[in-house]
Structures are given as C-alpha cells and as structure tokens.
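Enquirer: Here it is, the structure in full.
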C-alpha cells in the first residue's frame, strides 16, 4: 500500500463474512498490518453489498440481502448499520464459474479459462436472451485456439441449479427469522 495523501500510512476497510470468529478477525487484522495499514476496520460482506447496491443501511428499515461471494454465499437482514440475522449457504460464484467451464467443454469441446467463465457469468446477469457472448479457448481435440459465440439463453439453464439453491437458502432463512 502506498502512503496516504498526507504522508501517513493508509487506513484499510476489509469486508469479511458475517459473524467471524476471534481467530478470523485477528487474522484479517494481522494481514492489514502486514501490508502497512495504520488502521484496520472490518465490516460484513453483507453490509458492504447493501451499501454497494445503494441501500441506506443506517435507517431503521430492514433489507434482505443476498451476497454471493466466490467461496460461499450469505443471506441476511441488515438495518441500523449492522447485520441483524445471517445464514450461510453453499452456493458460490466459483461453483457457477466451474459449471460454465464444464458446459463449454462438453458442448463445444473447448477449454476456457476461469476468468472467461467469470466474465460470461457477469455478462449473463445484464443481458437479453439473444445476446451473443464470444469466448476463446483451446479446442480439446486439435489443441488449436478456437473462438465460439454463445447465446445467453443457452447458458441460463447452467445457472438454474444455483438460482434454485439461492432461493431455497432465502426461503429457509425467512422461515427461521423472528417476525
């Protein structure tokens, strides 16, 4: 980390999973100190996601937030600047990336990089059914570079299991929280 504008060491805000253990908190703080931060603050990924989505988390109004991270997902209720209730799930962005890679490998005999699968996932969240999504990789049989164009609607079924898991997690969470 570079020195701040006024010459001091920078302050660092890290978004981590909700309700971390003491060991997890200490580990993140030690990581912050090891990169030269003078002040380390920790916040919940759910809270950071809510702020990033433009929600006013400081009001006395509850918001249901689903955060799908690379290794896990969390659903929770945020209000008054904190997470009031949280439930973790097994759905993760990495799983979606792997499913996209596997679909392209099976369907087109094309090996694509994980970053390309992640790009396809992000583009899928913002496109129409007929949007064309080009991707390049290595043809498994010939070993030659190959570029194919996928339609968004052919990749949506790949995401269905993950969407159903997310909805199931939210339903379980809503059934458990006090009203």
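In the numbering used here, the protein residues as written are 290 to 468.
Where a beta carbon is used, it is the ideal one built from N, C-alpha and C, also for glycine.
Using CA coordinates, which residue listed in 366, 389 and 339 is at the minimum distance from residue 464?
Expert: To locate residue 464, count along the chain shown from 1; it is residue 175. It is 366 whose Cα lies nearest to the Cα of residue 464.
Enquirer: Where does residue 420 sit, in a helix, a strand or coil, going by DSSP?
Expert: The residue labelled residue 420 in the question sits at position 131 within the chain shown. Here residue 420 sits in coil by DSSP.
Enquirer: Please list the terminal residues of the continuous alpha helix (DSSP H) segment that includes residue 414.
Expert: Taking the chain shown and counting its residues from 1, the one referred to as residue 414 is at position 125. Segment: none, residue 414 is in no alpha helix (DSSP H) and carries neither H nor E.
Enquirer: Count the other CB atoms, across all protein chains shown, that sit within 10 Å of the CB of residue 385; report buried if there are 16 or more and exposed otherwise.
Expert: Here residue 385 corresponds to residue number 96 of the chain shown, with the count starting at 1. Buried, because 16 or more other Cβ atoms sit within 10 Å of the Cβ of residue 385.
Enquirer: Determine the DSSP secondary structure at residue 519, reduced to helix, strand or coil.
Expert: Nothing can be reported for residue 519: it is not among the residues displayed for the chain, which extend from 290 to 468.
Enquirer: Please classify residue 311: does DSSP put it in a helix, a strand, or coil?
Expert: Here residue 311 is taken as the residue at index 22 of the chain shown, counted from 1. Here residue 311 sits in helix by DSSP.
Enquirer: Check each candidate in 403, 387, 421 and 394 and name the one with the smallest Cα separation from residue 430.
Expert: Position 141 of the chain shown, counted from the start, is the residue given in the question as residue 430. That would be 394, whose Cα lies nearest to the Cα of residue 430.
Enquirer: First and last residue of the beta strand (DSSP E) that includes residue 331?
Expert: Taking the chain shown and counting its residues from 1, one reaches residue 331 at position 42. That run of the beta strand (DSSP E) goes 328 to 333.
Enquirer: What residues are listed by DSSP as bridge partners for residue 460?
Expert: Translated into the one-based positions of the chain shown, residue 460 becomes position 171. DSSP output for residue 460 lists no bridge partner at all.
Enquirer: Where does residue 297 land, buried or exposed, given buried means 16+ other C-beta within 10 angstroms?
Expert: For the purposes of this step, residue 297 is taken as the residue at position 8 of the chain shown. Residue 297 should be labelled exposed.
Enquirer: For the candidate residues 440, 350 and 318, whose alpha-carbon lies nearest to that of residue 369?
Expert: Position 80 of the chain shown, counted from the start, is the residue given in the question as residue 369. When each option's Cα is compared against that of residue 369, the closest is 350.
Enquirer: Please report the distance separating the alpha-carbon of residue 372 from that of residue 354.
Expert: In the chain shown, the residue the question calls residue 372 occupies position 83. In the chain shown, the residue the question calls residue 354 occupies position 65. Between residue 372 and residue 354, the C-alpha separation is close to 10 Å.
Enquirer: Would residue 362 and residue 378 qualify as a contact pair, given that the criterion is a beta-carbon distance under 8 Å?
Expert: Here the question's residue 362 lines up with position 73 in the chain shown. Here the question's residue 378 lines up with position 89 in the chain shown. Yes, the Cβ-Cβ distance between residue 362 and residue 378 is below 8 Å.
Enquirer: Let's see if you can read the secondary structure: which residues bound the beta strand (DSSP E) around residue 365?
Expert: As a first step, residue 365 must be located in the chain shown, where it is residue number 76. It spans 362 to 368 - the beta strand (DSSP E) in which residue 365 sits, taken as one unbroken run.
Enquirer: Just verifying my parser: in three-state terms, what is the DSSP assignment at residue 304?
Expert: One-based indexing of the chain shown puts residue 304 at position 15. DSSP places residue 304 in strand when its eight states are reduced to three.
Enquirer: To the nearest angstrom, how far is it from the Cα of residue 432 to the Cα of residue 396?
Expert: The count along the chain shown starts at 1 and reaches residue 432 at position 143. The count along the chain shown starts at 1 and reaches residue 396 at position 107. About 16 Å.
Enquirer: Residue 305 and residue 331 - do their beta-carbons sit closer together than 8 Å?
Expert: Indexing the chain shown from 1 puts residue 331 at position 42. Indexing the chain shown from 1 puts residue 305 at position 16. Yes; because the gap between Cβ atoms is below 8 Å, this pair is in contact.
Enquirer: Just to confirm, does residue 360 get its C-beta within under 7 Å of one of the non-hydrogen atoms of the ligand NAD?
Expert: This structure does not include the ligand NAD; it has no bound ligands of any sort.
Enquirer: Three-state secondary structure (DSSP) at residue 359?
Expert: Numbered from its first residue, the chain shown carries residue 359 at position 70. If DSSP states are grouped into helix, strand and coil, residue 359 belongs with coil.
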